[in-house]
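Numbering-wise (the numbering used here), the sequence shown opens with residue 28 and increments by one.
Note sheet for the following structure.
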Amino acid sequence: MAKQTYVNKSMVEIAEDILKSEGKKNIYDLIEQVASLKEISLEDTERMTQLYIDMTLSAKFVFCGNDEWDLKENNLDLWDKDGSYFNTTEDVVEEEEDTLTVEDYYIPEEDELQLKDDEDDEESEDEDDDVIIIDEDELILTDDDETVKPTKVKFIDEDDDDLDFDDEDYNEIMDDYEDMYDK
């Protein structure tokens, strides 16, 4: 094929001419051949990608499987087949259904539930007995001025901020904040 005849043709038209003359072709070989005829570097991925997109959107080409493409006019039998034609099918193996028993749907009676709740309450009461409650001021100091904290200590914070919370002050602050950003 003479390179001079392809100077004024688009890359899709060149691909179409190649497939008319040579038949079914691997897509990578086809793109490479079009690039060499148009004297475009294969490193120009943007133009090579555009060629592939144009080929798929032109409706003149059909995928034949195994990365091979051809013209639709040469493969009328592939026109009506969707992509599932190229997928291999595997036999579906049905699994045996599990047999259900009454125990699968067993609902415990209220007496059994009450016993479990009572046991949980007793365990939580035992855990509360192990906690030592001390004030922050009553920490134990060693000779090295290091504070020693018992392992299970629950601190009482004397500066409880929730007691000082005032809804009106909060609303005023939020109104001021909103006014700053409304300007």
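Where is the CB? At the ideal position from N, CA and C, for every residue including glycine.
Just so you know, these numbers come straight off a predicted model, no measurement behind them.
For Val-34, which three-state DSSP category applies?
-> Within the sequence shown, residue 34 is the residue found at index 7, counting from 1. Three-state result, Val-34: coil.
Whether Leu-78 touches Met-38 by CB criterion (8 Å) = Along the sequence shown, one-based indexing puts residue 78 at 51. Along the sequence shown, one-based indexing puts residue 38 at 11. Leu-78 is a Cβ neighbour of Met-38, given a cutoff of 8 Å.
Determine the burial state of Glu-43: buried for a count of at least 16 other Cβ atoms within 10 Å of its Cβ, exposed for fewer.
-> The count along the sequence shown starts at 1 and reaches residue 43 at position 16. Label assigned to Glu-43: buried.
Where Ser-48 and Leu-57 are concerned, what is the direct C-alpha to C-alpha distance, given to the nearest angstrom?
-> In the sequence shown, counting from the first residue as 1, residue 48 sits at position 21. In the sequence shown, counting from the first residue as 1, residue 57 sits at position 30. One C-alpha to the other measures close to 12 Å.
Quick one: grab the DSSP three-state call for Asp-97.
-> Within the sequence shown, residue 97 is the residue found at index 70, counting from 1. Here Asp-97 sits in strand by DSSP.
Using the Cα positions of Asn-198 and Tyr-208, report the straight-line distance between them to the nearest angstrom.
-> Start at 1 with the first residue of the sequence shown, and residue 198 comes out as number 171. Start at 1 with the first residue of the sequence shown, and residue 208 comes out as number 181. Using only the alpha carbons, I get a separation of about 16 Å.
CB of Leu-64 within 8 Å of CB of Ile-41, strictly | Locating residue 64 in the sequence shown gives position 37, counting from the first residue. Locating residue 41 in the sequence shown gives position 14, counting from the first residue. Contact: yes.
Local conformation of Lys-65 per DSSP, three classes | In the sequence shown, counting from the first residue as 1, residue 65 sits at position 38. Correct three-state label for Lys-65: coil.
Helix, strand or coil at Lys-87 [DSSP, three-state] | Your numbering for residue 87 matches position 60 in the sequence shown. Coil at Lys-87, not helix or strand.
What are the partner residues of Gly-50, as DSSP defines its beta bridges?
-> For this step, residue 50 is matched to residue 23 along the sequence shown. In DSSP, Gly-50 forms no bridge with anything.
Which residues bound the alpha helix (DSSP H) around Tyr-204?
-> Reading the sequence shown from its first residue, position 177 is the one you call residue 204. 194-209 is the span of the alpha helix (DSSP H), which, as asked, contains Tyr-204.
Exposed or buried, what is Ala-62 when buried is set at 16 or more other beta-carbons lying within 10 Å of its beta-carbon?
-> Translated into positions along the sequence shown, residue 62 becomes position 35. Flag for Ala-62 reads buried.
Kindly list the residues whose CB is nearer than 8 Å to the CB of Asp-156, restricted to its own chain and excluding five residues on each side of it in sequence; keep chain order.
-> Translated into positions along the sequence shown, residue 156 becomes position 129. In this prediction, Asp-156 has a pLDDT of 49, which is less than 50 and means its spatial position is unreliable; what the coordinates show is noted afterwards. Excluding sequence neighbours, Asp-156 sits near nothing in its chain.
Could you give the distance in angstroms between the alpha-carbon of Asn-101 and the alpha-carbon of Phe-88?
-> Here residue 101 refers to the residue found at position 74 of the sequence shown. Here residue 88 refers to the residue found at position 61 of the sequence shown. Going by the C-alpha atoms only, they are around 9 Å apart.
Inter-residue Cα distance where the pair is Tyr-132 and Thr-126 | Translated into positions along the sequence shown, residue 132 becomes position 105. Translated into positions along the sequence shown, residue 126 becomes position 99. Straight-line Cα distance between these residues: approximately 12 Å.
Where does Leu-46 land, buried or exposed, given buried means 16+ other C-beta within 10 angstroms?
-> Along the sequence shown, read from residue 1 onward, the residue named residue 46 stands at position 19. Residue environment: Leu-46 is assigned as buried (16 or more neighbouring CB atoms within 10 Å of its CB, all protein chains considered).
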